[in-house]
Amino acid sequence: MNYKMPIKQIILSLLSIKEQLYKRFKNDSRYNKLLEYFMSKDFYYDDELPVPSIKLISEVTGINTYQVRKLIVELNDLIYGDENDAFLEFSEIEIEFSARNYAGSMFLRIKSLREVPQVGDDITLPLLRGKLNTDMFFVESKHHYFEGSKQIIHCYLQPGIYNEYWHMRKSEAVFKEEIPFNKRLEMDDYGMKKELGYY
Numbered sequence: 004m005n006y007k008m009p010i011k012q013i014i015l016s017l018l019s020i021k022e023q024l025y026k027r028f029k030n031d032s033r034y035n036k037l038l039e040y041f042m043s044k045d046f047y048y049d050d051e052l053p054v055p056s057i058k059l060i061s062e063v064t065g066i067n068t069y070q071v072r073k074l075i076v077e078l079n080d081l082i083y084g085d086e087n088d089a090f091l092e093f094s095e096i097e098i099e100f101s102a103r104n105y106a107g108s109m110f111l112r113i114k115s116l117r118e119v120p121q122v123g124d125d126i127t128l129p130l131l132r133g134k135l136n137t138d139m140f141f142v143e144s145k146h147h148y149f150e151g152s153k154q155i156i157h158c159y160l161q162p163g164i165y166n167e168y169w170h171m172r173k174s175e176a177v178f179k180e181e182i183p184f185n186k187r188l189e190m191d192d193y194g195m196k197k198e199l200g201y202y
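Going letter by letter, the sequence shown gives residues 4 to 202 in our numbering.
And the structure:
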């Protein structure tokens, strides 16, 4: 059974890489009006702008609704089809760190690093001592975002030193829902250990 992807999701997907699509297909007469419209506003990041509908795109570009839908599906298929000539490129890299503890929370964006820490790596960041009262952290998890032409690597840090047993026990507690999700969001490792009876 094939799932029929809602057209709104496809549009949103294309908007997330509109710069790359524009660069690749701006001289293609089939797609240039559609892509120029995508480039005209920041539909992806601006919360005030709704994801454009087929009808709105049709009105603005002068392309009938059937053709708009067809072009959107074609662009999507060009990305995922077997004949994909690998035109996507995420050449910019940005690294983000976030951490929190009893002293507060922080978010830090770094332009470049020679090597990005992996999950479980212990790291020392002396510059955070003035914000979180410690400079010893470990990478609890990582998340990669691919938007525009940028790869954003977000490292979630926990204060302290990585402990494999605790990492497994914490994963088990999350899996078994031993602590309610909303409560867990507000907890650091110390609070979670206390809730699970370790202190």
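For each residue, glycine too, the CB sits at the ideal point set by N, CA and C.
_C-beta contact flag for Leu15 and Leu24 at 7 Å_ = Not a contact, by the Cβ cut-off of 7 Å.
*Figure out for me which residue from Gly151, Phe93, Ile156, Ser94 has the closest Cα to the Cα of Gln121.*
Considering only alpha carbons, the answer is Ile156.
_Close beta carbons around Phe90, own chain, < 6 Å, minus the five adjacent residues each side_ = Only Arg27 meet the Cβ criterion.
*Does the distance from the CB of Leu160 to the CB of Phe100 come in under 7 Å?*
Closer than 7 Å, so yes.
*Taking C-alpha atoms, which residue in Asn79, Gly194, Ser61 lies nearest to Met8?*
Nearest neighbour of Met8 by Cα position, chosen from Asn79, Gly194, Ser61, turns out to be Asn79.
*If we ignore side chains and look at the alpha-carbon of each, how far apart do Tyr165 and Asn104 end up?*
Near 15 Å, if we compare the C-alpha coordinates of Asn104 and Tyr165.
*Taking Phe46 and Leu18 to be in contact with their CB atoms under 8 Å, please state how far apart those CB atoms are, rounded to whole angstroms.*
That belief holds up - the Cβ atoms of Phe46 and Leu18 are roughly 5 Å apart, short of 8 Å.
*Those residues which DSSP pairs with Met109 across a bridge*: Note: Met109 is bridge-paired with Ala102 in the DSSP secondary-structure output.
*asked:* Quick check: what's the CA-CA separation for Thr127 versus Met42?
replied: Cα to Cα, Thr127 sits roughly 42 Å from Met42.
*So, helix, strand or coil for Tyr25, using DSSP?*
Helix, per DSSP.
*In angstroms with no decimal places, state the Cα-to-Cα distance between Val142 and Val119.*
Going by the C-alpha atoms only, they are around 10 Å apart.
*Would you list the one or two residues that DSSP bridges to Phe149?*
For Phe149, which the question treats as bridged, DSSP gives the partners Gln154.
*Alpha carbon of Gln12 to alpha carbon of Glu51, nearest angstrom*: The alpha-carbon separation between Gln12 and Glu51 amounts to approximately 18 Å.
*Three-state secondary structure (DSSP) at Tyr6?*
DSSP places Tyr6 outside both helix and strand once states are collapsed to three, so it counts as coil.
*Give me the Cα-Cα distance between Phe140 and Gly194, rounded to the nearest whole angstrom.*
Phe140 and Gly194 have their alpha carbons spaced roughly 16 Å apart.
*For Gln12, name the three-state secondary structure that DSSP assigns.*
Gln12: helix per DSSP, three-state reduction.
*Identity of the residue in Glu77, Ile20, Ile60, Glu62 nearest Asp31 by Cα*: Nearest neighbour of Asp31 by Cα position, chosen from Glu77, Ile20, Ile60, Glu62, turns out to be Glu77.
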